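K.L.:
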Amino acid sequence: MIGGNYGYRRKKTIDNFIHNVYTIEEDFQLRWLDKQLTKACRDGHVLVYDEFSRTRPTINNILLSVLEEGVLFLPGFDAEKQSITVHPEFRIIFTSNPLEYAGVHKTQAALEDRMVTIELSEMDRETEVAITMANSGLSDEDAGKIVDIVRDYRSFVSSSKTCTVRTCIKIAKVLNNEDFRKYRSSITKNMVAEILFSESRHKIINQKEIYPHVLSLIDKYL
């Protein structure tokens with residue numbers, strides 16, 4: 011994210027101005043390469059740090075001085091240039107998943123104090139339909155049916171709040187598979203039900219009990 015020393019730069023000068031006198035001068039320098047954060051801080055770009063909470067909090071500590079003092083420290087860089095002043099137009103956008111997602115770390119308080127947090131509500135139906143269409147190739151009508159199934163399932167099963175637009179895309183790709191087009195029957199409906207259950211992060215205690223209700227919900231749209 012910051013950069014590092016990658017190899018050496020070598021410069022060699024041979025002075026043979028007098029035919030029988032050689033002067034050779036060699037210079038080796040570490041070759042530093044900037045990465046995304048350093049480039050954005052230097053040039054004033056907008057950096058999108060996607061799912062930053064998957065990174066260990068100790069690694070994100072480098073951002074504290076960037077956001078507070080406007081200075082980025084470059085570990086291992088030239089001794090005379092161990093830090094750079096952050097460009098005044100530099101901006102950083104963080105995205106993250108809820109803590110209940112696998113592999114997500116709790117954000118340290120120091121970093122949280124230096125950012126503005128905006129919680130996003132669930133997408134509206136039109137947005138979910140458009141995303142499902144774009145990622146599956148289904149028609150607007152078929153994508154709408156899948157989105158309606160998932161949205162109704164969310165309100166029906168309390169542990170299904172993590173069934174997101176990704177769930178819609180998974181179901182859409184299954185239904186768009188040519189091998190399944192001819193199975194618009196119990197096989198397809200059971201597969202859709204299994205995808206819905208698998209996307210519920212918490213164990214559904216009465217899964218067998220609600221299975222018929224979920225199948226009837228799928229029947230309503232398919």
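Last residue of the sequence shown? That's 232 in the numbering used here, and every number before it is there in order.
Backbone N, C-alpha and C fix where the C-beta goes; we use that ideal spot for every residue, glycine too.
Bear in mind that the values here come from a model prediction, so they are computed numbers and not experimental data.
Looking at C-alpha atoms only, which residue of 172, 223, 32 and 12 is the closest neighbour of residue 208?
P.N.:
Closest by alpha carbon: 172.
K.L.:
Give me the DSSP bridge partner(s) of residue 24.
P.N.:
Paired residue(s): 34.
K.L.:
Expressed to the nearest angstrom, what Euclidean distance is found between the alpha-carbon atoms of residue 235 and residue 52?
P.N.:
No statement about residue 235 is possible, as the shown extent of the chain runs from 11 to 232 and does not include it.
K.L.:
If you draw a straight line from the alpha carbon of residue 162 to that of residue 107, how long is it in whole angstroms?
P.N.:
Going from the Cα of residue 162 to the Cα of residue 107 covers about 22 Å.
K.L.:
Can you list, in chain order, the stretches of the alpha helix (DSSP H) that have 4 or more residues and sit fully within the region 55–139?
P.N.:
DSSP runs (the alpha helix (DSSP H)) wholly in the region 55–139: 67–70, 72–78 and 119–122.
K.L.:
Just mark residue 48 as buried or exposed, buried being the case when its beta carbon has 16 or more other beta carbons within 10 Å.
P.N.:
That one is buried.
K.L.:
Does the ligand FAD have even one heavy atom less than 7 Å from the beta-carbon of residue 136?
P.N.:
Among the ligands in the structure shown, none appear at all, so the ligand FAD cannot be discussed.
K.L.:
With DSSP run on the structure shown, which of helix, strand or coil describes residue 154?
P.N.:
In this structure, residue 154 counts as helix in the three-state DSSP scheme.
K.L.:
Mind checking which residues open and close the alpha helix (DSSP H) that includes residue 201?
P.N.:
Start and end: 196–209.
K.L.:
In its own chain, which residues sit with a C-beta less than 7 Å from the C-beta of residue 231, not counting the 5 before and 5 after it?
P.N.:
Cβ within range, chain order: 155, 158 and 159.
K.L.:
Could you tell me if residue 182 is buried or exposed, where buried requires 16 or more neighbouring beta carbons within 10 angstroms of its beta carbon?
P.N.:
Residue 182 should be labelled buried.
K.L.:
Identify whether residue 227 lies in helix, strand or coil by the three-state DSSP scheme.
P.N.:
Helix at residue 227.
K.L.:
Put residue 47 into one of helix, strand or coil per three-state DSSP.
P.N.:
Residue 47 falls in the helix class under three-state DSSP.
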